[in-house]
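Protein sequence lines correspond, in order, to chains C and Z.
So the first sequence is residues 1057 to 1397, counted in the working numbering.
So the second sequence is residues 1057 to 1397, counted in the working numbering.
Ideal Cβ positions, reconstructed from N, Cα and C, are used throughout, including at glycine.
There are 2 protein chains.
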Amino acid sequence: MHTTINIREIARRAGVSTATVSRALNNTGPVREKTRQRILAIAQELDYRPNPMARSLTTKQTNTIGLILPELVDEFFMDIIHTIDEEVYHTNRFLMVASSHSQRNVVETLLDFMGSGRVDGVILMAPQVNIEVAKLVRRSKRPVVLLNSKNNQQQTVSFSINNFQGAFSITEHLIKHGYQRIAMIQGPDGNCDAEERFRGFSEALAKHKLPLHSSLIVTGQFNEESGYYAFNRLMSQNLQPDAVFAANDMMAIGVYKAAQQLSVRIPQDVAVVGFDNIYASQLLNPRLTTVHVPIDELGMKAIRYLLRMISREIDPAQSYHEAISTGLIIGGSCGCQDLSR
Amino acid sequence: MHTTINIREIARRAGVSTATVSRALNNTGPVREKTRQRILAIAQELDYRPNPMARSLTTKQTNTIGLILPELVDEFFMDIIHTIDEEVYHTNRFLMVASSHSQRNVVETLLDFMGSGRVDGVILMAPQVNIEVAKLVRRSKRPVVLLNSKNNQQQTVSFSINNFQGAFSITEHLIKHGYQRIAMIQGPDGNCDAEERFRGFSEALAKHKLPLHSSLIVTGQFNEESGYYAFNRLMSQNLQPDAVFAANDMMAIGVYKAAQQLSVRIPQDVAVVGFDNIYASQLLNPRLTTVHVPIDELGMKAIRYLLRMISREIDPAQSYHEAISTGLIIGGSCGCQDLSR
DNA sequence: TATGAAAATGTAAACGGTTTCATTTTTTGA
DNA sequence: TCAAAAAATGAAACCGTTTACATTTTCATA
């Protein structure tokens, strides 16, 4: 096993200094054509690959973008990864995806890990752990774009889904159907997406002078299982809902399963709506009425903005926020005619 | 903006050499307790973070595992990522995920990119581009574990799903139901998963002396759309199938959609089975009969083996292959009673 | 041909750590 | 108390690049 071949070895063989080799290889600074050829030939022959560690130790550049997500499950996150990867790929960069496992200290570790020379910029999605995230972000040496975080954090750049608007309009849609006892299965405590969706729900009720029954509000964990239990709980009490708004589609799927077991018909007995418009929601019978979240738009805007921060086209210290609008997807689960069949 | 604080600064403040600081911080070599305390306090106060680039420039260690997937869509890949991430996280390492976009030169670039100092080892899934992949892998300076690649490559370490066995048994299952004209929607050309699944299918037919009608073999792209078109094509010809084996569940979903539009009942008119057992397959009505692919087992075995290669517990030059068995998931789509309802 | 400008190349100092080996300090045991 | 052993520390080289600056070579022009 011969030692890793480095720039010095090439310089030695070509009979020049490492500086010249570096210049020849990177096309930075003048090198006589003949010399360049010789160097390139040797590099080729030796199958030389510059050590990225050493390189970025001096250049502070990595051509790598970091993406930190709270977890690596669900197609929602996969879609985010996919969109961003696509864009990163087209600008000849690399993507580094990591999961914070929804823990603040892990966010911190990852931000440090990436920020200290491994990536040129970070896209961070941390809906649960945002109390001190802004501080971490500001401390980071690399530009950071936040995704779906509480946007009351000053001095950060963030993009988010307009959860409030989406929840508000889908709730209004249910109200227009005439439902009186609309339940909500909300998302986990401390999750700002969940909070905003609940706010949209309750303000829509308020606008239409409908009461907010505390017994019709259940908390879930954004997964199928919790939706299943939540619906069972809702149906086992005196005040039964005539419509259920699940704060995301996964929980709505749990509702469908529970409803089938309880022989509750959707939408005849109880209407159901969700949020996210995940792929699986179109497979449900009837198709789930839900809020479309333009994930690709979110990812695209975030990565494009980040790249401009990295190139200093935009001042990274300048704060910015943009909320991306959602759209309503009408299936048969709300009582409308199911056009997907 | 003050300059990044480094080990020298700490040494200066503590009145010791950088060597001592390094020893104190990494618990390598002896340091007087009093000195250690002083150094730790200063490091704490200055919020010192060692530069990982500089560190790994000398140690040649990054505590990072690379994962290269052909693409970043579908829950199948998400599940792979998830399983591996979980294990990586528990060993206090980082995960770096990248997509090769199913292009061989990108695989090469990524392998170089990661292999030259960014990661300690790589898990590579490249079902389409394996002609020269083995060469690349052998050239890599870091240990590499292959996932679902053609296992006829010598001198590599690989884990794969036993596609043949899965396809064989689900085909036999259909045969036992008495279907005579079993069609297959196979996967894309050159994809070795696809090839093995087809081989399992045809050998099962052969074993039971059933003919292999070329008009009942259609090629898809492992996505929903191609399944949709494939089924339409199958039903528009003279020889119509009484059962369809879609080489993966996504294509089976396409079949369901097409069947609904054509008013073809599953399984009364045509039985349908898939492969992968993705989440969505249980949402179909009737539940899809499919082959369960233990992705978590696959990911787990791959990452554990890789870690042992990294720690030199296993000689990385030693080749190894293991095929992981699949299992049958019985839904209602094959003609069995649907127990999921 | 001499001269100055431009082009090509080299030297050496970073970058921020780790580690070998030598040196100093402390501890131990007779 | 003193030598020897053990423990703690420091000096400096090293990892593989890039790059500012100095130096040399080439080339065009007078």
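Sorted by chain position, which residues of the same chain lie with C-beta nearer than 6 Å to residue i's C-beta, five sequence neighbours on each side aside?
i: residue 1315 of chain C; result: 1322
i: residue 1122 of chain Z; result: 1152, 1170, 1175, 1178
i: residue 1379 of chain Z; result: 1216, 1218
i: residue 1294 of chain C; result: none
i: residue 1125 of chain Z; result: 1133, 1155, 1181
i: residue 1343 of chain Z; result: 1387, 1388, 1394, 1396
i: residue 1135 of chain C; result: 1351
i: residue 1392 of chain C; result: 1386
Along chain C, in chain order, which residues have C-beta atoms closer than 7 Å to that of residue i?
i: residue 1129 of chain Z; result: 1134, 1138
i: residue 1038 of chain Z; result: Residue 1038 of chain Z is absent from the model: chain Z starts at 1057 and stops at 1397.
So residue i contacts chain C; which residues on that side make the cut at Cβ distance below 9 Å?
i: residue 1157 of chain Z; result: 1141, 1142, 1145
i: residue 1278 of chain Z; result: Simply none; closest approach about 15 Å.
Interface residues of chain Z around residue i at Cβ under 8 Å?
i: residue 1108 of chain C; result: 1169, 1172, 1173, 1174
i: residue 1309 of chain C; result: 1339
i: residue 1336 of chain C; result: 1335, 1336, 1339
State buried or exposed for residue i, treating a residue as buried only when at least 16 other CB atoms are found within 10 Å of its CB.
i: residue 1332 of chain C; result: buried
i: residue 1147 of chain C; result: exposed
i: residue 1339 of chain Z; result: buried
i: residue 1262 of chain Z; result: exposed
i: residue 1088 of chain C; result: exposed
i: residue 1138 of chain Z; result: buried
i: residue 1191 of chain C; result: exposed
i: residue 1071 of chain Z; result: exposed
i: residue 1253 of chain Z; result: buried
i: residue 1083 of chain Z; result: exposed
i: residue 1381 of chain Z; result: exposed
i: residue 1211 of chain Z; result: exposed
i: residue 1102 of chain Z; result: exposed
i: residue 1245 of chain Z; result: exposed
i: residue 1184 of chain Z; result: buried
i: residue 1368 of chain C; result: exposed
i: residue 1116 of chain C; result: exposed
i: residue 1204 of chain Z; result: buried
i: residue 1355 of chain Z; result: buried
i: residue 1130 of chain C; result: buried
i: residue 1112 of chain C; result: buried
Residues of chain C with a CB under 8 Å from the CB of residue i: which are they?
i: residue 1112 of chain Z; result: 1109
Identify the contact partners of residue i in chain Z, using a Cβ-Cβ distance below 9 Å as the criterion.
i: residue 1151 of chain C; result: 1128, 1152, 1153, 1154, 1155
Less than 7 Å between C-beta atoms, sequence neighbours within five positions excluded: which residues of the same chain meet that for residue i?
i: residue 1078 of chain Z; result: 1063
i: residue 1260 of chain C; result: 1224, 1227, 1228, 1231
i: residue 1292 of chain C; result: none
i: residue 1318 of chain C; result: 1291
i: residue 1390 of chain C; result: 1229, 1230, 1233, 1323, 1327, 1329, 1345
i: residue 1166 of chain Z; result: 1124, 1154, 1156
i: residue 1199 of chain C; result: 1177, 1362, 1365, 1366, 1372
Skipping 5 residues on each side, what residues in its chain have a beta carbon closer than 8 Å to that of residue i?
i: residue 1274 of chain Z; result: 1239, 1240, 1241, 1242, 1286, 1289, 1290
i: residue 1361 of chain Z; result: 1201, 1213, 1215, 1370, 1376
i: residue 1093 of chain C; result: none
i: residue 1305 of chain Z; result: 1330, 1331, 1332, 1333, 1334, 1336, 1337, 1344, 1346
From the DSSP secondary-structure annotation, give me the bridge partner or partners of residue i.
i: residue 1376 of chain C; result: C:1213
i: residue 1110 of chain C; result: BP columns for residue 1110 of chain C are empty, so no partner.
i: residue 1128 of chain C; result: Note: residue 1128 of chain C sits in no beta bridge, so no partner.
i: residue 1384 of chain C; result: C:1347
i: residue 1152 of chain Z; result: Z:1122
i: residue 1275 of chain Z; result: Z:1242
i: residue 1203 of chain Z; result: Z:1181, Z:1215
Could you tell me whether any non-hydrogen atom of the ligand FMN is closer than 6 Å to the CB of residue i?
i: residue 1083 of chain Z; result: In terms of ligand content, the structure shown is empty, and the ligand FMN therefore cannot be addressed.
Quick one: complete alpha helix (DSSP H) runs, 4+ long, within the region 1282-1332 of chain Z? Those alpha helix (DSSP H) runs which fall completely within the region 1282-1332 of chain Z and span 4+ residues are 1305-1317.
Please give the ranges of any beta strand (DSSP E) in the region 1224-1272 of chain Z, keeping only runs that are unbroken, at least 3 residues long and fully inside the region. Runs of the beta strand (DSSP E) lying entirely within the region 1224-1272 of chain Z, each at least 3 residues long, are 1238-1242 in chain order.
Runs of alpha helix (DSSP H) lying entirely within the region 1163-1201 of chain C, each at least 4 residues, in chain order: 1189-1195
Quick one: which unbroken alpha helix (DSSP H) runs of 4-plus residues sit fully inside the region 1060-1108 of chain Z? Chain order, please. 1063-1070, 1074-1082, 1089-1101
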